[in-house]
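All residue numbers for the sequence shown refer to our numbering, where the first residue is -19 and numbers rise by one. One structure is given below, encoded as structure tokens.
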Amino acid sequence: MKLFLAAIVCLLLSFRSQSCTLRMGIETSFAPYIIHQDKSWSGLNVELLTRLAKEVGCSLEFIHSPWLRSLKLIEQGELDVLSHLSYNAERSQQFVFIGPHQQEVIYLVGKTEAFPGLTNLTQLKRSGTSGIIALLNGAYYGDELDSILNDAKNRTRFVFIRGNEDKQALLLNGRVHGVLEDIVAYHYWKKQAGLSTVGLEPLFEVYQSPVYFGFNRHTLSPERLEQLAKAWQHLYDNGELGRIVKRYQLAEYQFSLPAPAPRLPQ
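In structure tokens, the structure reads:
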């Protein structure tokens, strides 16, 4: 009887190790990367991750959560993957970075008259600004902006927002004068039917960096992480990832898929 029970336990553990559901933290619409419509999720990041999961025999579970909350859920072991994650040494303790899935370019988007003569972050750090800028709480926009946010004099000109849709709504309603926005997302936003962006322009580049799918090092095995990295390389090499990206190009703005450069544990 004991041998029978032991065999059952081993069978269940084997089944558990073979089954795979990746829990993705996902925010409200952030076109073209994440689109929430009729209780379903689509968009470039969703398609890319769905194809990657399929390649390794996994399914996806989408868990709706604002960005900062998603980072906490990763720490608590309740999520397995996030998208649009830029690399830094601190995050590498929690994540394995697979991709990148995009070269993110962040701009200050806003009303020119609210930021007279402002053309770069160095000027903002030296002279400040009269305009109020909204940015996503918990997002990383580079060391130069971090140094500005750590300066009490300049920090008062920034508003930290929990979600991308809230950030855009504040700008359209005149509650802030500018937002830090991905340039591809800006062009999609501008193209949206019925959405006026009159007077709103990309004023200058703030930061650019490759962004990745960040997989939780503490909920996924090293073998699974290695498998995901190899699968991404394979899908890149055979052109499947590129074909997905091609479907999201705009006549007004073209972007490309960076070559694979995973950051795996040493």
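Every residue, glycine too, gets a C-beta built ideally from N, C-alpha and C.
In the same chain as Leu215, and ignoring 5 residues on each side of it, the C-beta atoms closer than 8 Å to its own belong to Arg31, Leu32, Glu35 and Leu221, in chain order.
It is roughly 36 Å from the alpha-carbon of Asn25 to the alpha-carbon of Ala132. Closest in alpha carbon position to Leu183, among Thr136, Phe138, Leu160 and Leu59, is Leu160.
Proximity to Val156 across Asn144, Ile163 and Phe138 peaks at Phe138, based on C-alpha coordinates.
Leaving aside the five residues that flank Phe42 on each side, the residues in its chain whose CB is nearer than 6 Å to its CB run, in chain order, Met4, Ile6 and Trp21. By the neighbour-count criterion, in which 16 or more other beta carbons inside 10 Å mark a residue as buried, Ser127 falls on the exposed side. The three-state reading of DSSP puts Arg135 in helix, counting H, G and I together. Taking C-alpha positions only, Ser9 is separated from Thr102 by approximately 32 Å. Your pair Gln73 and Pro190 does not check out as a contact, with CB atoms roughly 19 Å apart and the cut at 8 Å. Within the same chain, and ignoring the five residues on either side of Ile112 in sequence, the residues whose Cβ sits closer than 7 Å to its Cβ are Arg137, Val139, Val156 and His157. Inter-segment contact for the region 188 to 207 and the region 59 to 71 is present: three or more beta-carbon pairs are separated by less than 8 Å. Classified as exposed, His44 has fewer than 16 neighbouring CB atoms from the shown chains inside 10 Å of its CB. With contacts defined by Cβ atoms closer than 9 Å, Pro12 and Tyr228 form a contacting pair.
A residue is called buried when at least 16 other Cβ atoms come within 10 angstroms of its Cβ; Ser39 does not meet this threshold and is exposed. Here Lys171 is not near Glu124, since their CB atoms are 9 Å or more apart.
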